[in-house]
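4 protein chains.
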Amino acid sequence: MSTTREPIAAKRPRNPEATKASILAAARAEFAERGLDGGRVDSIARRAGANKQLVYYYFGSKDEIYRAALEASYADIRSLERELDLAALPPREAMIRLIDFSLDYLAQHREFIRMLADENAHGARHVRNSDAARQTNSPLLEMIAETLRRGEKEGIFRTGVDPLELYVSIAGMTFFYFANGLTMSAIFGRDLTQPEAISSYRDHIVSFTLAGLRP
Amino acid sequence: MSTTREPIAAKRPRNPEATKASILAAARAEFAERGLDGGRVDSIARRAGANKQLVYYYFGSKDEIYRAALEASYADIRSLERELDLAALPPREAMIRLIDFSLDYLAQHREFIRMLADENAHGARHVRNSDAARQTNSPLLEMIAETLRRGEKEGIFRTGVDPLELYVSIAGMTFFYFANGLTMSAIFGRDLTQPEAISSYRDHIVSFTLAGLRP
Amino acid sequence: MSTTREPIAAKRPRNPEATKASILAAARAEFAERGLDGGRVDSIARRAGANKQLVYYYFGSKDEIYRAALEASYADIRSLERELDLAALPPREAMIRLIDFSLDYLAQHREFIRMLADENAHGARHVRNSDAARQTNSPLLEMIAETLRRGEKEGIFRTGVDPLELYVSIAGMTFFYFANGLTMSAIFGRDLTQPEAISSYRDHIVSFTLAGLRP
Amino acid sequence: MSTTREPIAAKRPRNPEATKASILAAARAEFAERGLDGGRVDSIARRAGANKQLVYYYFGSKDEIYRAALEASYADIRSLERELDLAALPPREAMIRLIDFSLDYLAQHREFIRMLADENAHGARHVRNSDAARQTNSPLLEMIAETLRRGEKEGIFRTGVDPLELYVSIAGMTFFYFANGLTMSAIFGRDLTQPEAISSYRDHIVSFTLAGLRP
DNA sequence: AATGAATGAGTATTCATTCAT
DNA sequence: GATGAATGAATACTCATTCAT
């Protein structure tokens, strides 16, 4: 009140949707790189080329930006999962494709690994508060179940395999490789980030999984 | 108040080793709960009942306390791994024991999960700077290799399985379950933290792994 | 969402005077509750159900809204003061009526207390900039003077009493009771907000004042 | 963690009590001038020539600094009240002295007016949270009661006057004069800040009060 | 007349770290 | 060894105000 404030004219062109989108993109990059605690709202604004207050104008708080970023990440992977179309492949090939998808996606989207780890480290509170994240059910479970059923019929998969447990196993094998690759590389003295190492590990999981499903 | 001066006894008895140990324990608890970025030096001092400056006196910086905490975590698990004595069991039982150990340890030491995830999220820079962490080689790889050899000889395990890749697979299946259990529980609407769920998953991994190793 | 565009009807019907009035009412409520520094333009707009920019459109700045709110408060009390018609009562009853009015008005318009205190705390700069506030002379002084004259003639009031000083005394006794009632209640351990306490204090002021005016 | 921070050597000489005292003094000045909402922690630190964090180190939060400042103000006036020694004077002179004290103190300590007004505007929450403020009972009430008793015995004061109500009346007449002098001066076109005006008002209150107490 | 988007300067508070004793 | 005092940079979030439509 005592200090006179004369704001300077706005420089950013009026394009609300683009503005909001660029802030969200910046937030995703920031959080992927530095995590929830390490991410800075200032940095998000800077990355987006936006005024910091705009971040709050559109998202309200750091936690809500994080939730939006997380939702976007989930939406991305869900969208690709829906395109998998495992039903179009024979059971064995379907399973291989699932493994490859899981491995490739994580290899190319390290940011998803970071966000997932971070979210769990924080008690999954953003996911729990996100209708979007909870309701956008993964199509994977049903796909896996259907693939298992076909494999059982063909006699190449054993019965009694729980789709969710299988999913967790495959996701675990792929996720862990990239999530903890750095410490393992340092400790075991074997560079797991090399393409050949990844390729070899891929073959291992494929044969391991297919064998693991045999009747 | 200002006139009478009672020489206040130093609250903390001079016991350097105990002091350092209590600070380290406090640091492990703090980082396990809040991560590297979320952990506070103040909080560590408070938890340890020590003066904040003591933390710096003994450890130098936040990063070095973190490294010490990480090293202690690694030392703990390495110590237990060494007691596994897989060589005393038939190959199949040895493999089951390995799986159970991996699962139980993570179930009971969630803090290790957090530290591992955090360390990797930060580029594993503390592990790389830690001779202790890198040199205290895990005895597991050799144990697994030996177990695989025996299983091959007995004809119950196939050949060509890489011990490290197998280790990554098993560690991945167990780690992922606990590391990302919260988001999965929220999203899949199935409480994976229940003992029955864990027990069921354990059976799944055991049979999946044993089958996966069959010739 | 972006394809179908339904021309959303302006929520607020074009009714400038009603709009301005609702903003003013909102401002009065806001400033009465939170003071000049504590009051928020955003909050005023929200209370008024209006766009924030409208507040600026009609009032120009926070200080000017405050001035308008203050003027409205003064106008309210002046309006009631004009209806007092002390001349219609015998001097003693007129004086009692004046006291009751002062006490009752403040009891029922705590917001006026806050605005008065706030305005003085800020150097009365809004009042000084307000022709309205300064020109709408209070009719009280002349009423009091006339009542005193009649009392003197009747021999029940002493001479030489300055109307403004008497006004300040009465206003002070009533204002202070409500303005600082909270701290006094806390410190003296006697709840001055109770109706009985107010009623008792009223009797005290009445007899105190009448006695104080005796020749 | 990623940014390296190398603090520069401390410049402030080590004198905790002086430091804390200077911060408190600065806080009192700041809040007296600008109120609770208008006061800035930054400004307090600057006034005290101290690092801002020191303010938090010693006082914890803005509200607690305010409470400390308020307590100090109360302690100041209580200390002077205790020196009044009304019992040493004849009842009439005692009453005059009480009035003069009240008027003079407020005339010379405008900051107390501001703090009192502000505290009440904020619901007296700091006083309620302050044991010091509540327990340091004002000696005035007992002094007034005793003075009234003596006056009654001598037949110069009437009976049945409640000490607290009398206190409120006197405090009100003096407080209001200074608290709202600025708006009244502006509105009534009579400068109440002039020494002559104050002096005249003092005489008015004295005779008004003494007359008001006559049997 | 009315609305939503955008801005810059602030605002209380926190944090890792160092100094002095 | 141990403690309390002090520092500077930062951190999430707010606010009055203006621009563009």
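Residue numbers (this note's numbering), protein chains in the order written: chain C, 1 to 215; chain D, 216 to 430; chain L, 431 to 645; chain R, 646 to 860.
Yeah, the Cβ is synthetic: ideal placement off N, Cα and C, and Gly gets one too.
Contiguous alpha helix (DSSP H) elements confined to the region 672-703 of chain R occur at 686-693, taking only those with 4 or more residues. C-alpha of Glu576/L to C-alpha of Met829/R: approximately 20 Å in a straight line.
Judged by beta-carbon spacing, Ile600/L lies within the 8 Å limit of Thr639/L, meaning their Cβ atoms are closer than that value. With a beta-carbon spacing of about 5 Å, Asn120/C and Leu397/D fall inside the 8 Å limit used to define contacts. Phe176/C sits close to Val383/D, with the two beta carbons spaced by under 8 Å. Our two residues, Asp291/D and Tyr320/D, have alpha carbons roughly 11 Å apart in a direct line.
If the five residues before and after Ser130/C are omitted, its C-beta is found closer than 6 Å to the C-beta atoms of Arg67, Glu71, all from its own chain and listed in chain order. Distance from the CA atom of Ser207/C to the CA atom of His419/D, rounded to whole angstroms, is 17 Å. For Asp506/L, the uninterrupted alpha helix (DSSP H) run begins and ends at 492-512, by DSSP. For Leu571/L, the uninterrupted alpha helix (DSSP H) segment begins and ends at 570-584. Between Ile44/C and Glu33/C a beta carbon distance of about 11 Å is seen, past the 8 Å cut, so the two are scored as non-contacting. Residue contact check for Phe175/C against chain D: a CB pair falls below 8 Å.
Collapsing the DSSP output to three states places Pro840/R in a helix. Shown here for Ala27/C: same chain residues with a beta carbon closer than 6 Å to its own, the five before and five after excluded, namely Ile44, Ile65, Ala69 in chain order. For Ile789/R, the closest of Arg727/R, Lys665/R, Ser667/R by C-alpha to C-alpha distance is Arg727/R. Judged by DSSP in its simplified three-state form, Gly160/C adopts coil rather than helix or strand. Leu725/R is classed as exposed because its beta carbon has fewer than 16 other beta carbons within 10 Å across all chains shown. Between the alpha carbons of Ala778/R and Arg620/L lies a distance of about 15 Å.
The Cβ atoms of Leu89/C and Val161/C lie no closer than 8 Å to each other.
With its beta carbon less than 8 Å from one in chain L, His849/R belongs to the interface. With 16 or more neighbouring CB atoms inside 10 Å of its own CB, Ser288/D falls in the buried class.
Of Leu192/C, Leu140/C, Leu141/C, Ala117/C, the smallest CA-CA separation from Glu380/D is found for Leu192/C.
Sorting Glu626/L, Ala547/L, Asp472/L, Ile529/L by C-alpha distance to the C-alpha of Tyr57/C places Asp472/L at the top. With a 10 Å radius around the Cβ and a threshold of 16 neighbouring Cβ atoms, Ala179/C comes out buried. Residue contact check for Ile413/D against chain C: no CB pair falls below 8 Å. Relative to the Cα of Arg476/L, the nearest Cα in the group Asp467/L, Thr449/L, Gly465/L belongs to Thr449/L. Taking CB atoms only, Asn230/D has no neighbour in chain C less than 8 Å away.
Within the region 324-343 of chain D, the residues whose Cβ lies closer than 8 Å to any Cβ of chain C are, in chain order, Arg329, Leu331, Ala332, Asp333, Glu334, Asn335, Ala336, Gly338, Ala339, Val342, Arg343.
Residues Leu84 of the same chain have their beta carbon placed closer than 7 Å to that of Phe101/C, with the five preceding and five following residues left out of the count. For the 8 Å CB-CB criterion, Glu799/R and Pro736/R form a contact. Against chain C, the CB of Leu301/D has no partner CB under 8 Å away; the residue lies outside that interface. At a Cβ-Cβ threshold of 8 Å, Ile238/D and Val270/D count as neighbours. The continuous alpha helix (DSSP H) containing Thr183/C extends over residues 181-188. No Cβ of chain L is located within less than 8 Å of the beta carbon of Ile710/R. Contact annotation: Gly680/R and Arg759/R have beta-carbon atoms nearer than 8 Å.
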